[in-house]
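Numbering (the numbering used here), first residue to last: 38 to 419.
As structure tokens, the structure follows; a few thoughts come after it.
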Ligand SMILES: [Zn+2]
């Protein structure tokens, strides 16, 4: 009998790695209406997908979304059951370690404990910040990342007991800017990193790299919203090729897709190199846009709260326009307005669901994900 529980994402990655389908991973910061729409679109397309939130978005105290791992799991399971869609996973996005000291490791272990208890089926350890800029060799630069990533992966394995799960790791801080431009992951860095992990018996399914994308919305120098056209396709292909040539069975996770035109994803993305595609801020944007029309008073108060709280900080950072400040800091209003966002009028919820449904269809189509769920069912239940 079919069950609608989240499935171990290693099955998704292993089955689909050479199929040309990209697995969409959705950071649904506001679930109300939106999650139903995405689940319904996945069912319609029979497309595998992941629900994910990063440590910053969802932790033991609710991160900036107000969702704990337990809450996220409970709510999305209920939606999967209601929609009757079975081929989804619950992924811990960016389990970030920036220091790698014992205190931080303990804090992250507590988060992992809660995620495992909540029934997560997929994990991303992100120690990419621990890049040693003074290292003389690639090995030296990456030693700390390899050490901390291995340690945390072993912790997850141990906690998961015999249960299977999918694994993502990260090399190269996404969106990192060194004053000259965005720093991108080099092919030899990716290979050295994965080989270092292999020596520790750590075998990830996907690798997140820095390849020119940024998290969140993109703005021009005047502060106007613009499409993201900065993902470096040939660098991504070069990294993927180097990984294959080294005999490593790992594909690329593309972060920060918000703002990239879907027709370009469809035609230009290297679908056999990129296996996981993260779409986050996009889903928040559609909520804010819908609230503008359906709940103008709530929208206005969320804007005012964000401006009051973050304007000074934003101006210090050189942000110029109000839409830019709202576009980059508005995520923080999610927790503050949690109760209202989860008790919207029925007509607003329906609008959110419809918008999310149609937008998710476009993503699944651009990711060539139609029918991917059936392929996984065949390998899982053969
Ligand atoms: Zn990311």
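Positions of the beta carbon are idealized from the N, C-alpha and C atoms, including for glycine.
Computed from a predicted model, the values in this text were never measured in an experiment.
Query raised in the report: When the Cα atoms are used, what is the spatial distance from residue 391 to residue 328?
Result: 13 Å
Query raised in the report: Under the three-state reduction of DSSP, which class applies to residue 73: helix, strand or coil?
Result: helix
Requested in this report: May I ask whether a heavy atom of ligand 1 can be found less than 7 Å away from the beta carbon of residue 293?
Outcome: yes
Query - Reference residue 372; option with closest CA among 395, 398, 358, 343 - result: 343
Query raised in the report: What's the C-alpha gap between residue 367 and residue 339?
Result: 8 Å
Query raised in the report: Skipping 5 residues on each side, what residues in its chain have a beta carbon closer than 8 Å to that of residue 134?
Result: 141, 142, 145, 162, 163, 164, 166, 167, 185, 189
Query - Residue burial classification, residue 341 (beta-carbon count within 10 angstroms, cutoff 16) - result: exposed
Query raised in the report: Can you name, in chain order, every residue of its own chain whose Cβ lies under 6 Å from the Cβ of residue 255, other than the five neighbours on each side?
Result: 263, 265, 296
Query raised in the report: What separation, rounded to the nearest whole angstrom, lies between the Cα atoms of residue 59 and residue 411?
Result: 14 Å
Query raised in the report: Whose C-beta lies closer than 6 Å to the C-beta of residue 389 among residues of the same chain, with five residues either side of it excluded?
Result: 70, 71, 327
**Report entry** Assigned exposure category for residue 171 - 16 Cβ within 10 Å defines buried
**Finding:** exposed
Query raised in the report: Of the residues 176, 377, 125, which one's Cα is nearest the Cα of residue 234?
Result: 176
Query raised in the report: From residue 307 to residue 156, what distance separates their C-alpha atoms?
Result: 32 Å
Query raised in the report: What does a CB cutoff of less than 7 Å around residue 377 pick up in its chain, not counting 5 residues either side in sequence?
Result: 335
**Report entry** Residue nearest to residue 128 in terms of C-alpha spacing, selected from 86, 237, 174, 117
**Finding:** 86
Requested in this report: Check whether the Cβ of residue 150 lies closer than 7 Å to any heavy atom of ligand 1, and answer yes or no.
Outcome: no
Query raised in the report: Is any heavy atom of ligand 1 found at a distance shorter than 7 Å from the C-beta of residue 162?
Result: no
Query raised in the report: Closest by CA to residue 261, which one among 224, 192, 358, 211?
Result: 358
**Report entry** Expected contact under 8 Å - CB spacing of residue 247 and residue 209 to nearest Å
**Finding:** 3 Å
Query raised in the report: Closer than 7 Å: is that where the CB of residue 268 sits relative to any heavy atom of ligand 1?
Result: no
Query raised in the report: residue 184 lies in the alpha helix (DSSP H); which residues open and close that run?
Result: 175–197
Query raised in the report: Under the DSSP definition of a beta bridge, which residues are partnered with residue 129?
Result: 90, 160
Report task. Give me the Cα-Cα distance between residue 192 and residue 160, rounded to the nearest whole angstrom. Result -> 11 Å
Requested in this report: Please state whether DSSP places residue 40 in a helix, a strand or coil.
Outcome: coil
Query raised in the report: Looking only at C-alpha atoms, which of 224, 304, 259 sits nearest to residue 272?
Result: 224
Requested in this report: Check residue 411 in the structure and name its three-state DSSP category.
Outcome: helix
Query raised in the report: Which whole runs of the beta strand (DSSP E) in the segment 305–344 are 3 residues long or more, in chain order?
Result: 311–316
Query raised in the report: Quick one: Cα of residue 309 to Cα of residue 242, how far?
Result: 14 Å
Query raised in the report: Taking 8 Å as the CB-CB cut-off, is residue 83 touching chain C?
Result: Absent here is chain C; the protein component of the structure consists of one chain.
**Report entry** Residue environment, residue 404, which counts as buried when at least 16 other CB atoms sit within 10 Å
**Finding:** buried
Query raised in the report: Does the segment 113–132 touch the segment 78–98, meaning 3 or more C-beta pairs lie closer than 8 Å?
Result: yes
Requested in this report: Consider the C-beta atom of residue 211 and the heavy atoms of ligand 1; say whether any pair is separated by less than 7 Å.
Outcome: yes
Query raised in the report: In the structure shown, what three-state DSSP assignment does residue 362 receive?
Result: helix
Query raised in the report: Can you tell me the Cα-Cα spacing of residue 148 and residue 97, whole angstroms?
Result: 6 Å
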